[in-house]
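Working notes, structure below.
Chains as they are written, first to last, in the working numbering: chain A, 609 to 1025; chain B, 32 to 330.
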C-alpha cells in the first residue's frame, strides 16, 4: 500500500513538473494600480482559454525604477507597461510596426504618439487616451457667474472673484509636495506653449536635438520666465493655497470634493479618486483647458497616449505575448479596461462609459476647441519631470525670481543631455 | 619524562583545538566576502565607469569623483547630511543619556516608561516619518490643529518654508525615534558601574555633578563610543525620515546623500551613483574612526 502511495505521489510530482515545464510562462509587468484587479480577471480568462500559456501579472508601485533593475539583472518581463525613450534607444523593445490588426483599430493620432521619432517604428501600443487640464467645481462657477477662462487675464479674474466672494475657498489648489505635479504644470503650460507654436513634430525634434534657439528656455520674456512670474503673482496675491509646498494630492482631493477648493490641474487619472471620495460630485465636476498665457497663443489641453503595452526584444515567448495582447485588446476587454481606468479608449471600435456623461461631453468639447498637445518623451535622460517640479518648488519657496528660474531651468535641461 | 610528554601532548592538543576552532569562522568569513568584500570591489570598479545600469560600461577613470565635487546639488546634500548627522548624534546622545539617568532610578511604572521610550525605535522610520508628517503638516496636521485650539499654531507655522526650521524638525523626529535605543545602551553601561565607586565618591564629599563627571562619565566611555559610532553611521546614511517628511524638498534643499545616490542610480547614472556611494562610505568612515580613537584614548 505504502509503495503504491509513494508511486502515485512520485507520478503526480513528475506530472506537475512536466506540466510546469510544458507551460509557456508570460511575465507581465505593470505599474498601473487602477487595472490590477481587472487584468487579473482578464488574465484568468486568457489562461483558461489558452492551455499551455500562463500569463503572470507583477505590479510594482515604482515601476519605472524597478524596470531598470530588471533590465540590469537580465530578468526582463515579456510584456510591460513601462516605456522610456532611453530603452527604445537601447533596443529593449520588440518592433510592433507590423501588427496591422492593432494599428488599423487605433485612433490615428494615438498611433502617431506611439511612433518613435528616431526610427519611425512603433514599439508600444497605447490602449487609451488621457487628457489633462483644470478640474473645476461647476457649482461654485455657476454661483459666481463664472465661465472657464481661455486667456490668462480671464483666469486670474476668475481666481480673484472666487477669493473675494468665497474667502474660505482656495481658488487654485496646487499640491506641490509632490514634485511630479509641479513638473506637469511645466509640461502642460510652458512646454504646451512651445508645442503649439513650433508644432508637435518640430517641438519634438527641437527637444531631441536640444535646439536652444527654438526652445529658448532661459529668455527673460520667454515661455518659462512668464510662466514663473505668473505663478509667483498668484502666490503673492493668495490665489493659490498657502501650503502649496506641503500639500499632497490627497489633500487636494479632500479640498475639492468638500468644496474648499474651486479648481486644480490634473489628468483623467484623478477622476476615479474624486468620485470615490464623493460620488455626489459626479455632476459638479467641470473640465477646462490651460488658458493662453503668452501673446498670440491659444488654450491648451493634454491629449496623450495612455496605458502603453510593449514586448521585450529579448523575450523568448513573443508569440504567447502577442496572443495575450490580442486577447487583451479585443473590444469587450477594452470597454471594461476603459471604464476601470476612467479614460477613453484609443481603439475606434470601443464604446465605453468611461466618465459621467456630462463630464465626458465637456472633455470632448475642450478637445475640440483647445490645442491638443502630447507628453514630452524627448526630455533629456538626466532631467526628469520630477526634477523640473523640484525647480518649481524652489521658485515657490523663494529661491528664484522668474528670470532666475528660467535660467536655472535652461541650465538643468542642458546638463541633462 | 612521562609528565613532560603529557605537557607536550596537552600543548599539541590545545594548538590543534585552536586551529580547528579557527576553521569554524570560515562560513562567516565566506559570507562576509560574498556580501561585503566582493560587492565593495565590484562597486569600486563600477564607480570608475559611466555605466547607466543597462548598457555597456566604459572606463572613465576618476571623472565621476571629480564631477561630484563640481556639482552644487551634491555639495548641498553633503551639507544637509553633515548637519543632520551632527545634530542627531549630539542630541541623541544627550537625550539618550538623560533618559538613562532618569530610568536608572527606581520609580513606579519604570519598566512601562522604558518600553514607551524605546517603542518608536522598532517602528519603520518611513512609517514614523509619515506619521509625523500627518501630525506636523502646516495648516492640516493634527498637532497644528491642536496648537491652533490653544492659539499657538503660529509657532509651528510653515516649518518647510525655511531651511533651519526644516532641518530642526527632521533632526527632532529622528531623535524622538532613536533616543530610546541610545538610552538602552547607556542604561546597560550605567548598570555596569559599581555602586561602590559612586558611594566612595559620595563619602569623599563629591557633589552630584562631580560624581557624574568624574566617576559615571569616564566609566560610561564604552557605551558612549558605541552610541556615537552607531548614531554617526545611522545619521550619515539617513534616507527614510527625510524621504517621508520632505522628500528632500523643497527643491533639493533637504536632500541627503543617500537620497541623491538613489535618484542618480534610478536616473540612469549608475556608475556615478556608485562613486557617490564610495564617497559616502569615506564620509562615514572618517568621523567613526576619529570618534573611536578619541573615546578609546579616554577609555
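Ideal Cβ positions, reconstructed from N, Cα and C, are used throughout, including at glycine.
- If you ignore the 5 residues before and after residue 283 (chain B), its C-beta comes within less than 6 Å of the C-beta of 104, all in its own chain and listed in chain order.
- At the C-beta level, residue 157 (chain B) and residue 190 (chain B) stay beyond 9 Å of one another.
- In this structure, the straight-line span from the alpha carbon of residue 823 (chain A) to that of residue 699 (chain A) is close to 28 Å.
- Secondary structure remark: continuous alpha helix (DSSP H) runs of at least 4 residues inside the segment 899-939 of chain A, in chain order: 926-936.
- Residue contact check for residue 289 (chain B) against chain A: no CB pair falls below 9 Å.
- Take residue 322 (chain B), set aside five residues on each side of it, and the residues of its chain with a beta-carbon closer than 8 Å to its own are 256, 259, 260, 263, in chain order.
- Here residue 869 (chain A) carries a strand assignment [DSSP, helix/strand/coil].
- In its chain, beyond the 5 residues on either side, 88, 89, 90, 91, 302 have a beta carbon closer than 7 Å to the beta carbon of residue 80 (chain B).
- The DSSP-derived three-state label of residue 738 (chain A) is strand.
- Under the DSSP assignment, residue 965 (chain A) falls in the alpha helix (DSSP H) whose first and last residues are 965-977.
- Straight-line measurement puts the Cα of residue 880 (chain A) at about 19 Å from the Cα of residue 941 (chain A).
- Judged by beta-carbon spacing, residue 996 (chain A) lies beyond the 9 Å limit of residue 828 (chain A), meaning their Cβ atoms are not closer than that value.
- Non-local beta-carbon contacts of residue 638 (chain A) in its own chain, meaning distances under 6 Å to residues more than five positions away in sequence, involve 667, 689 in chain order.
- Residue state for residue 1007 (chain A) is assigned as coil, using DSSP reduced to three classes.
- For a Cβ distance threshold of 8 Å, residue set 698 of chain A lies close to residue 86 (chain B), ordered along the chain.
- In the displayed model, residue 785 (chain A) falls within coil according to three-state DSSP, outside both helix and strand.
- Approximately 6 Å separates the beta-carbon atoms of residue 909 (chain A) and residue 975 (chain A); this is inside 8 Å, confirming the contact.
- Secondary structure of residue 154 (chain B) (DSSP, three-state): coil.
- Membership of residue 662 (chain A) in the beta strand (DSSP E) is indicated by the continuous run 661-667.
- Identification of chain A residues near residue 168 (chain B) by a Cβ-Cβ cut-off of 7 Å yields 854, ordered along the chain.
- Here residue 130 (chain B) is buried, its C-beta having at least 16 other C-beta atoms within 10 Å.
- By the criterion of a C-beta distance shorter than 6 Å, residue 96 (chain B) is surrounded in its chain by 306, once the five residues flanking it on both sides are discounted.
- Where residue 895 (chain A) is concerned, the enclosing beta strand (DSSP E) starts and stops at 893-896.
- Ranked by Cα distance from residue 958 (chain A), the first of A:932, A:866, A:947 is A:947.
- Residue 635 (chain A) is bridged by DSSP to A:664.
- Nearest to residue 714 (chain A) by alpha-carbon distance, out of A:647, A:956, A:891, A:633, is A:956.
- Leaving aside the five residues that flank residue 251 (chain B) on each side, the residues in its chain whose CB is nearer than 6 Å to its CB run, in chain order, 220.
- Using a Cβ distance threshold of 9 Å, residue 898 (chain A) and residue 742 (chain A) count as a contacting pair.
- Ranked by how close their Cα comes to the Cα of residue 93 (chain B), the residues B:318, B:309, B:326, B:325 have B:309 in first place.
- Taking 9 Å as the CB threshold, residue 672 (chain A) lines the interface with chain B.
- Beta-bridge analysis with DSSP links residue 723 (chain A) to A:730.
- With at least 16 other beta carbons inside 10 angstroms of its own, residue 296 (chain B) counts as buried.
- Cβ-Cβ distances below 7 Å link residue 874 (chain A) to 740, 743 in the same chain, with the five nearest sequence neighbours on each side left out; the list follows chain order.
- Partner residues in the beta bridge of residue 714 (chain A), as assigned by DSSP, are A:955.
- About 31 Å separates the beta carbons of residue 642 (chain A) and residue 816 (chain A), which is beyond the 8 Å limit, so they are not a contact pair.
- By a beta-carbon distance limit of 8 Å, residue 759 (chain A) contacts residue 900 (chain A). Their separation comes to about 5 Å.
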